[in-house]
Amino acid sequence: MEAEMGLLPEGCIANVISFTTPRDACRLSSVSTVFKSAAESDAVWERFLPPDYPTLLSDAASSSSSSSSLHFSSKKELYFSLCHNPILMDEGKKSFSLDKQSGKKCYMISARDLLIVWGDTPTYWRWTSVPEARFPEVAELICVCWLEIRCKINTRSLSPRTLYAAYLVYKPTAGSYGFEYQPVDASVGVVGSESQTRTVYLDAERGQRQRYHYPRRIGLFNRSGGQASMPKENDGCYPKERDDEWLEIELGDFLSKEDEDGELEMSVLEVAAGDWKGGLIIQGIEIRPKQGK
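Numbering (numbering that gives the first Met the number 0), first residue to last: 0 to 292.
Given below as structure tokens:
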């Protein structure tokens with residue numbers, strides 16, 4: 000079969016590979032020299048890039064002081080650069096990248112582009128910069144008793160027929176307080192439709208304690224006579240550490256549809272208890288395909 004496939008024109012092989020996935024294309028490049036040439040061709044990787052990528056790159060170039068970093072020798076190089084190096088757009092208030100496995104669009108909306116109640120009041124919030132952030136500015140929560148963060152993105156910006164999840168990306172300061180036992184309400188939904196709401200915790204230490212919860216026990220056994228429970232997996236209600244060392248908490252998910260035109264709204268609220276809380280640095284809200292779905 001391999002020998003027969005090798006007799007096909009390279010363009011024909013490339014056309015077939017373009018209907019697979021980026022992972023499949025990388026694997027097929029090891030079959031033979033003909034397959035390698037076809038699998039690495041621009042014709043294949045052009046299909047893996049979103050149809051509107053030229054517009055997105057143009058927006059990114061106009062938002063950057065230097066456009067030289069947006070020049071690539073091949074579409075494959077461009078693809079993997081967008082997977083590993085998010086580009087800034089909308090005057091540096093939003094970043095765009097690709098999901099490595101699927102090529103679906105990913106966005107992060109910066110703190111400056113979020114609607115943060117009292118965000119421009121220095122008593123409650125402070126705008127600053129940190130070297131590990133991808134945006135020029137981040138929002139530092141000083142203290143509030145009314146926590147309300149919202150943002151929107153047009154559904155047409157997302158890849159169609161994709162299950163997305165939204166994540167608040169943040170990190171606590173050394174003096175973080177008020178989140179140890181107080182949950183927040185997170186929601187995701189299209190404006191004008193019913194939103195999906197869930198309760199989450201922003202305190203990372205509480206999440207660690209929950210994952211490694213052990214019942215009271217005597218010796219190697221608990222009081223009921225059974226063995227002590229094993230650590231629980233994170234059920235999504237607690238934050239987890241990202242590869243970039245920020246924390247993220249899932250706010251909810253959303254299934255994008257073909258040609259759907261609406262505003263997807265995401266929010267983080269804690270307005271009921273009225274307790275004072277502070278000590279968080281907000282980088283933004285990220286929207287990306289939900290893994291394993």
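Even glycine gets a Cβ: it sits at the ideal position worked out from N, Cα and C.
Status (buried if at least 16 other CB within 10 Å, exposed otherwise) for Glu262: The residue you call residue 262 lines up with position 263 of the sequence shown. With fewer than 16 other Cβ atoms within 10 Å, it is exposed.
Inter-residue Cα distance where the pair is Ser67 and Asp258: Numbered from its first residue, the sequence shown carries residue 67 at position 68. Numbered from its first residue, the sequence shown carries residue 258 at position 259. Reliability of the predicted coordinates at Ser67 is poor, the pLDDT of 48 falling under 50, and the value obtained from them is presented with this limitation in mind. Whole-angstrom Cα-Cα distance: 34 Å.
Under 7 Å between C-beta atoms of Val137 and Gln290: Residue numbering aside, residue 137 sits at position 138 when the sequence shown is read from its first letter. Residue numbering aside, residue 290 sits at position 291 when the sequence shown is read from its first letter. Cβ atoms of Val137 and Gln290: not closer than 7 Å.
Paired residues, beta bridge with Gly273 - DSSP: The sequence position of residue 273 within the sequence shown is 274, counting from 1. Answer is none; Gly273 lacks a bridge partner.
Lys103, buried or exposed, once every other Cβ within 10 Å from all chains shown has been counted against 16: One-based indexing of the sequence shown puts residue 103 at position 104. The residue in question, Lys103, is buried, as its Cβ has 16 or more Cβ neighbours within 10 Å.
Proximity winner among Ala59, Ser266 and Gly277, relative to Glu285 (alpha-carbon distances): Here residue 285 refers to the residue found at position 286 of the sequence shown. Ranking Ala59, Ser266 and Gly277 by Cα distance to Glu285 puts Ser266 first.
The stretch 268-276 in contact with the stretch 158-170 per 3-pair CB rule at 8 Å: no
Leu87 - partner residues in DSSP beta bridges: Along the sequence shown, one-based indexing puts residue 87 at 88. DSSP, once it has assigned bridges, lists Ser94 as partnering Leu87.
Cβ-based burial, Ala13 [other Cβ within 10 Å; buried from 16]: Taking the first residue of the sequence shown as position 1, residue 13 is located at position 14. Classification for Ala13: buried.
Contact between the stretch 103-120 and the stretch 138-156 (3+ Cβ pairs under 8 Å): yes
Backbone CA spacing between Ser17 and Pro288 [nearest angstrom]: Walking along the sequence shown from the start, residue 17 turns up at place 18. Walking along the sequence shown from the start, residue 288 turns up at place 289. If you take the alpha carbons of Ser17 and Pro288, they lie about 21 Å apart.
Pro85 burial status per 10 Å Cβ neighbour count (16 or more: buried): For this step, residue 85 is matched to residue 86 along the sequence shown. Classification of Pro85: buried, given that the 10 Å Cβ count is 16 or more.
Spatial neighbours of Ala38 in its chain, beta-carbon cut-off 6 Å, leaving aside the 5 residues before and after: Numbered from 1 along the sequence shown, position 39 holds the residue referred to as residue 38. The residues are Ile16, Ala24, Leu27 and Ser28.
Terminal residues of the alpha helix (DSSP H) in which Phe253 lies: Within the sequence shown, the letter at position 254 stands for residue 253. Here Phe253 belongs to no alpha helix (DSSP H); instead the beta strand (DSSP E) covers Leu246 to Leu254.
Alpha carbon of Trp44 to alpha carbon of Tyr123, nearest angstrom: Translated into the one-based positions of the sequence shown, residue 44 becomes position 45. Translated into the one-based positions of the sequence shown, residue 123 becomes position 124. So the alpha carbons of these two residues sit roughly 47 Å apart.
Same chain, Cβ closer than 7 Å to Ala132, neighbours up to 5 away in sequence not counted: Residue numbering aside, residue 132 sits at position 133 when the sequence shown is read from its first letter. Hits under 7 Å: Gln282.
For Ala59, the nearest candidate out of Pro182, Ser80 and Asp89 (CA to CA): Sequence index remark: in the sequence shown, residue 59 carries index 60 (1-based). The shortest C-alpha separation from Ala59 is found at Asp89.
Span of the alpha helix (DSSP H) around Glu45: As a working note, residue 45 is residue 46 in the sequence shown. That run of the alpha helix (DSSP H) goes Asp41 to Phe47.
Start-to-end residues for the alpha helix (DSSP H) that takes in Val33: By 1-based counting over the sequence shown, the position of residue 33 is 34. Unbroken alpha helix (DSSP H) run through Val33: Thr32 to Ala38.
Pairwise C-alpha distance: Lys35 and Pro171: The residue you call residue 171 lines up with position 172 of the sequence shown. The residue you call residue 35 lines up with position 36 of the sequence shown. Distance between the alpha carbons of Pro171 and Lys35: 47 Å.
DSSP beta-bridge partners of Ala185: In the sequence shown, counting from the first residue as 1, residue 185 sits at position 186. In DSSP, Ala185 forms a bridge with Arg197 and Val267.
N- and C-terminal bounds of the beta strand (DSSP E) containing Arg22: By 1-based counting over the sequence shown, the position of residue 22 is 23. No beta strand (DSSP E) contains Arg22, which is instead part of the alpha helix (DSSP H) from Pro21 to Leu27.
Buried or exposed by the 16-neighbour rule on C-beta atoms within 10 Å, applied to Thr154: Sequence index remark: in the sequence shown, residue 154 carries index 155 (1-based). Buried.
Reference Leu87, options Asp260, Glu204, Trp275 and Leu56, closest by Cα: Position 88 of the sequence shown, counted from the first residue, corresponds to residue 87. When only C-alpha atoms are compared, the closest one is Leu56.
Identity of the residues DSSP links to Pro171 by a beta bridge: For the purposes of this step, residue 171 is taken as residue 172 along the sequence shown, with counting starting at 1. Pro171 is bridged to Leu279.
Between the CA atoms of Phe71 and Glu232 - distance to the nearest angstrom: Position 233 of the sequence shown holds residue 232. Position 72 of the sequence shown holds residue 71. Summary for Glu232: the model assigns pLDDT 46, below 50, so the residue's position carries little reliability; its value from the coordinates is reported in the next sentence. Approximately 41 Å between the Cα atoms of the pair.
Coil, strand or helix - Arg133 by DSSP: Here residue 133 refers to the residue found at position 134 of the sequence shown. Three-state result, Arg133: coil.
Cβ-Cβ distance between Glu139 and Ile248 below 7 Å: For the purposes of this step, residue 139 is taken as the residue at position 140 of the sequence shown. For the purposes of this step, residue 248 is taken as the residue at position 249 of the sequence shown. Taking 7 Å as the Cβ cut-off, Glu139 and Ile248 do not qualify as a contacting pair.
DSSP three-state assignment for Cys142, whether helix, strand or coil: For the purposes of this step, residue 142 is taken as the residue at position 143 of the sequence shown. Cys142 falls in the coil class under three-state DSSP.
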